[in-house]
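Asks:
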Amino acid sequence: MKKFSNVLAGAAGAAALLFGGYLGVLQLTGNFHAVLPRELYRSAQPSAADIASYARQYAIKTIVNLRGKSKEGWYQQEVDAANRAGIAHIDFRLSASKKVSPDEVRQLIALLQDAPKPILIHCQAGADRTGLASMIYLQQIAGVDEETAERQLSVRYGHIGIPYVSAAFAMDESWEDFERIIFGLAS
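Be aware that the sequence shown starts at 1, since it is given in UniProt numbering, and climbs by one per residue.
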C-alpha cells in the first residue's frame with residue numbers, strides 16, 4: 001500500500017511539474033494565439049518588439065489593452081510601440097478578480113465591433129480577461145456557437161477558474177451572467 005501511495009504521489013508531482021511547465025511556456029511565448037485569423041488575436045502583455053513583430057506578421061490595426069492606463073513603464077512602451085507601428089491603441093480596464101458588469105460588456109462589444117481589424121486583445125497573462133473578451137467577441141460579434149466561444153476561457157490559455165480558489169473565477173461567473181442576462185442563452 002505504501003508503495004502505491006508513493007507511486008501516486010510521484011505521478012501527481014510529475015503532473016504538477018508538467019502543468020507548471022506548460023504555463024511557463026505560455027508566458028515565455030507571450031501566450032499569443034489567433035482567435036479568428038486576420039480578425040482577432042490574443043496575447044499576454046506584449047513587449048515593444050512583440051508589437052512590431054505582430055504588426056508585420058499579422059497586420060494588427062488595433063491593440064485593446066484590458067489592463068487599463070498605467071504609470072508603469074510597460075504602458076508607455078506599449079503606447080509608443082503601437083504609435084511607431086501605426087496601430088490604434090485603446091485602453092479598456094477590466095479586473096480579472098471582479099465580475100464584469102453588463103454595461104461594461106455592452107461597451108466592450110461596441111468597442112470591438114467598431115475597432116479597425118485585425119485586433120490584438122491583451123491583459124497581463126493573456127489568460128483571464130483576454131479569455132473573457134475573446135469569448136464575447138466570438139459569440140456576440142463573429143456569431144460563433146457558445147461551446148466554441150467558451151474554449152477561449154480555459155486552461156489551454158492559462159486560465160484556471162476554480163470557485164473559492166482562483167480569483168479569476170470572476171471571469172467564469174461573468175460569462176455565466178452574460179449568457180442569461182445579456183445574450184439570452186441557456187447556460
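Cβ coordinates follow ideal geometry from the N, Cα and C atoms, glycine included.
1) Identify which residue in D128, I141, S43, A125 has its Cα closest to the Cα of D114.
2) Check whether the Cβ atoms of E147 and E179 sit closer than 9 Å, and answer yes or no.
3) Among E72, L120, E104, A110, whose alpha-carbon lies nearest the alpha-carbon of P37?
4) Start and end of the alpha helix (DSSP H) containing Y41?
5) With a Cβ-Cβ cutoff of 9 Å, do S174 and K69 count as a contact?
6) Can you tell me which of the three DSSP states N31 falls into?
7) How would you call D80, buried or exposed, if buried means at least 16 neighbouring beta carbons within 10 angstroms?
8) Over what stretch of residues does the beta strand (DSSP E) that includes L120 continue unbroken?
9) Helix, strand or coil: which one does DSSP assign to I87?
Replies: A quick look at the data gives this:
1) I141
2) no
3) Checked all of E72, L120, E104, A110; the closest Cα to P37 is L120.
4) First-last for Y41: 40-43, but that is the beta strand (DSSP E), not the alpha helix (DSSP H).
5) no
6) coil
7) exposed
8) From DSSP, the beta strand (DSSP E) with L120 extends over 119-122.
9) Reduced to three states, the DSSP call for I87 is coil.
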